[in-house]
Amino acid sequence: MGLQDQQQSAVQADKEKQNKMKKIFCKMWPALLLVFSGAMAGQKLPVHTYKLDNGLTLVVSEDHSSPTFGLSIAYHVGFRLEPRGRTGFAHLFEHMMFEGTPNAPKGSFVKIIQGGGGSLNGSTRYDYTNYISTAPVSALEPVLWLEADRMRHLDFSEENLDNQRDVVKEEIRVNVKNKPYGLFFWTDLAALAFNKWENAHDGYGSFVDLDKASIEDVERFHHTYYAPNNAVIAIAGDVDGDTAYKLVNKYFGSIPAAKLPKLPDVSEKPNTKERFAKETDEHAMAPALAIGWKMPGPDSADYYPLAVLGEVLLGGDASLLYQKMVKEKQSMLSISGGMGWPLGDPLTFAGPSLMVAFGIYKPGSSAAQDTSDIQGVINQLARQGIDPKRLKAVKTKMIADFYKQLASYIDRANYLAITQLLHGDADLVNSYPDLIRKITSKDIQRVAEKYLTVANRSWI
Numbered sequence: 001m002g003l004q005d006q007q008q009s010a011v012q013a014d015k016e017k018q019n020k021m022k023k024i025f026c027k028m029w030p031a032l033l034l035v036f037s038g039a040m041a042g043q044k045l046p047v048h049t050y051k052l053d054n055g056l057t058l059v060v061s062e063d064h065s066s067p068t069f070g071l072s073i074a075y076h077v078g079f080r081l082e083p084r085g086r087t088g089f090a091h092l093f094e095h096m097m098f099e100g101t102p103n104a105p106k107g108s109f110v111k112i113i114q115g116g117g118g119s120l121n122g123s124t125r126y127d128y129t130n131y132i133s134t135a136p137v138s139a140l141e142p143v144l145w146l147e148a149d150r151m152r153h154l155d156f157s158e159e160n161l162d163n164q165r166d167v168v169k170e171e172i173r174v175n176v177k178n179k180p181y182g183l184f185f186w187t188d189l190a191a192l193a194f195n196k197w198e199n200a201h202d203g204y205g206s207f208v209d210l211d212k213a214s215i216e217d218v219e220r221f222h223h224t225y226y227a228p229n230n231a232v233i234a235i236a237g238d239v240d241g242d243t244a245y246k247l248v249n250k251y252f253g254s255i256p257a258a259k260l261p262k263l264p265d266v267s268e269k270p271n272t273k274e275r276f277a278k279e280t281d282e283h284a285m286a287p288a289l290a291i292g293w294k295m296p297g298p299d300s301a302d303y304y305p306l307a308v309l310g311e312v313l314l315g316g317d318a319s320l321l322y323q324k325m326v327k328e329k330q331s332m333l334s335i336s337g338g339m340g341w342p343l344g345d346p347l348t349f350a351g352p353s354l355m356v357a358f359g360i361y362k363p364g365s366s367a368a369q370d371t372s373d374i375q376g377v378i379n380q381l382a383r384q385g386i387d388p389k390r391l392k393a394v395k396t397k398m399i400a401d402f403y404k405q406l407a408s409y410i411d412r413a414n415y416l417a418i419t420q421l422l423h424g425d426a427d428l429v430n431s432y433p434d435l436i437r438k439i440t441s442k443d444i445q446r447v448a449e450k451y452l453t454v455a456n457r458s459w460i
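Quick note on numbering: my numbering labels position 325 of the sequence shown as 325, and the sequence is numbered without any gaps.
In structure tokens form, the structure reads like this:
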């Protein structure tokens, strides 16, 4: 057997071994998830935080139950911080980060991670942009090299910019312009409810503004925000803290810090007068309704009670509004939402958000009447409070759902990166369940009466 034949034989054997391990893992995963969720209720995740000289923060959560890792690198830039006149630029730039560098051409990231059985993704939200990946632990060092390489420099070219500009435009066509209901329950509702441009503009993207973006804009954005002192890296899985720190310092330590711009004040007070708009959607087969109430940021004492209130009202088929509007009155076909919906949860916002109720109602029904009935459920809750058993069930479900997410290395790393970036405390993943458990019926009454009012209501 020649050397090439030996190499091919070894590659084939390795693939067969990986496939066998994948099959075993798929069978074991449901049981592992249940074990992890139950175990987490009585213990805390290990969380170790490190700081590099250039300002980069590293968070490591060691777990040797699987020879894999999850990694998230989160940058403190999202819709709220993109340049005026460049709506959707943070989203566009997220795509640009996958266009390659002078050292690692386009496709290198995908080839290295997916070639080893891993996966990767990126997303842009109000307050951050993140890049996540998971793979066998043997791929950790190459992935860190790739992340450091694209933090240091990208392949800035007109071809890449035009390519990704077209990709984002196609996303907008598919997800907004040619899809029933589009994203009006996010983009249009936010524009109606908020006063400040940072909170109100369409972060998904405008064709006009995207076409204005230049290579100079892209380079300036990268140098301004994609810097080590504006980022957090979190690694969860089969790696110890000292090893992770040495690797991160090896590849990221020499990247210079940037002079970061002053963060804008994005805080807003509740509205004092109801706001209303009406839209026509030629793709919609049934009428829809979206209601938003302005919520404070996470620095408010009302923040976590409002998160629980959102679950009480809109958290699935057992929620008060689903039972009232879909089951009892049968005037609506569906209703869903919550605080920060559909762009995140209580741990992933650094500023104000909306409590959103979105539903499709029956043709012939009255949107005004449905809105009034929804407000009636809220007003009754504010007056009478919530049954203790229902409140306990809601909180238990919120905590259980959170633990299930933490069972995944990639989701665990993502929460650690985001909580450290936005709240300055990755250990919030451990204290969050207790914050939810402490919410009382009086807390629910107080925040419902204060925020979920007609005056603070915007609806389309």
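Idealized CB from N, CA, C, for every residue including glycine. The model shown is predicted, which means the values in this text are computed figures rather than measured ones.
Partner residues in a beta bridge of P46, as assigned by DSSP, do not exist. Between the region 342-353 and the region 376-383, the count of C-beta pairs closer than 8 Å stays below three; the two stretches do not touch. G55 is positioned such that its CB atom lies no closer than 8 Å to that of A288.
If you look at V208, you'll find it in the alpha helix (DSSP H) that goes F207 to K212.
For the pair L435 and Y225, the CB atoms are not nearer than the 8 Å cut-off. Proximity to S157 across M97, N130, R173 and V143 peaks at M97, based on C-alpha coordinates. Per the Cβ contact rule, the region 128-139 is in contact with the region 70-84 (3 or more Cβ pairs under 8 Å). Per the DSSP secondary-structure output, F358 pairs in a beta bridge with A290 and S336. Within the region 121-206, the runs of beta strand (DSSP E) at least 3 residues long that lie entirely inside it are, in chain order, 129-136. Restricting attention to L58, Q43 and Y204, the CA atom closest to the CA of Y50 is found in L58. Exposure of E159 is indicated by the presence of fewer than 16 other C-beta atoms within 10 angstroms of its C-beta. According to DSSP, V447 shares a beta bridge with no other residue. In the structure shown, F109 falls within a helical segment according to DSSP collapsed to helix, strand and coil. The way I'd put it, the region 350-367 does touch the region 285-301; three or more beta-carbon pairs between them come closer than 8 Å. Listed in chain order, the non-local C-beta contacts of A74 below 6 Å within the same chain comprise Y128, N130, V232, A417, I418 and L421, local neighbours out to five positions each way being set aside. Taking 8 Å as the upper bound for CB-CB distance, G182 and D281 are in contact here, some 7 Å apart. With 16 or more neighbouring CB atoms inside 10 Å of its own CB, S319 falls in the buried class.
Comparing alpha-carbon positions, the option among D217, E82 and P180 lying closest to Y126 turns out to be E82.
Between L309 and I444, the C-beta gap is smaller than 8 Å, which places the two residues in contact.
R165 sits close to L210, with the two beta carbons spaced by under 8 Å. Proximity to H91 across P46, S334, V167 and D53 peaks at V167, based on C-alpha coordinates. Non-local C-beta neighbours of H201 in its own chain, meaning closer than 6 Å and more than five positions away in sequence, comprise T87, ordered along the chain.
Less than 8 Å divides the Cβ of L391 from the Cβ of S441. Rounded to whole angstroms, the gap between the alpha carbons of T453 and E171 is 35 Å.
In this structure, M355 lies near G292, with their beta-carbon atoms less than 8 Å apart.
Shortest Cα-Cα distance from W459 to any of A148, L120, K404 and K294 involves K294. Taking 8 Å as the cut-off, the Cβ atoms of G203 and F79 count as close. For G241, the enclosing alpha helix (DSSP H) has its first and last residue at G241 to F252. In this structure D265 is exposed. Its beta-carbon is surrounded by fewer than 16 other beta-carbon atoms within 10 angstroms. Residue environment analysis places V394 among the buried positions, since at least 16 neighbouring C-beta atoms fall within 10 angstroms of its C-beta.
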